[in-house]
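Each residue of the sequence shown is one higher than the last, beginning at 1 in full-length UniProt numbering. Beta carbons are placed, not taken as given, at the ideal position from N, Cα and C, and that holds for glycine. To start, the structure under review is shown below, and the notes come after it.
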Amino acid sequence: MSESQSILTDRFGRRITYVRMSVTDRCDFRCVYCMDEKMTFVPREQLLTLEEMARLGRAFVQLGVNKIRLTGGEPLTRRNVIQLFDDLGHLDGLKDFTLTTNGSQLPKYAQQLKDAGVTRINISLDTLDAQRFSDLTRIGKIEQTLN
């Protein structure tokens with residue numbers, strides 16, 4: 001289905017071809033702008049399963065969505081998340097499959113993400129100053145992102 005054939009439209013009549021799916025609210029950093037110190041995570045049993053997310057992604061593509069971005073929290077902290085990337089990454093009609101990440105888990109997953117069909121990776125990097133990075137993330141080290 002081409003972009004002009006998308007079935008989904010917003011309230012202004014614009015065709016919807018892009019979907020952002022949050023895989024988890026959990027993260028291996030605790031950035032001050034993202035997580036309040038008293039934040040509690042959504043109970044795991046209330047999250048969609050990876051199979052449900054894959055089914056949802058397939059449905060969106062069948063309805064004309066051609067761009068999917070997986071975000072979080074930190075998506076790569078979700079157990080077995082590579083299966084979701086594998087399920088979505090080679091769907092017919094999906095032109096752009098993007099991951100938004102803090103980069104901390106990329107050394108571990110980069111090849112698997114490429115093999116799964118990820119076309120772009122957006123790395124959140126707020127500063128190159130190590131102390132400022134530590135202050136912003138509360139527990140992160142800049143080397144985790146730069147590796």
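| Item | Value |
| --- | --- |
| Supposed close pair Gln105, Glu74 - CB separation, criterion 8 Å | 7 Å |
| Distance CB(Leu91)-CB(Val61) smaller than 7 Å | yes |
| Residue environment, Leu88, which counts as buried when at least 16 other CB atoms sit within 10 Å | buried |
| Three-state secondary structure assigned by DSSP to Ile142 | helix |
| Asp28 - DSSP class collapsed to helix/strand/coil | coil |
| Beta-carbon separation (whole angstroms), Thr71 vs Asn102, contact threshold 8 Å | 11 Å between Cβ atoms; not a contact. |
| Within the UniProt domain "Radical SAM core" (11–147), ranges of the alpha helix (DSSP H) (whole runs, at least 4 residues) | 50–62, 81–89, 106–116, 130–137, 142–146 |
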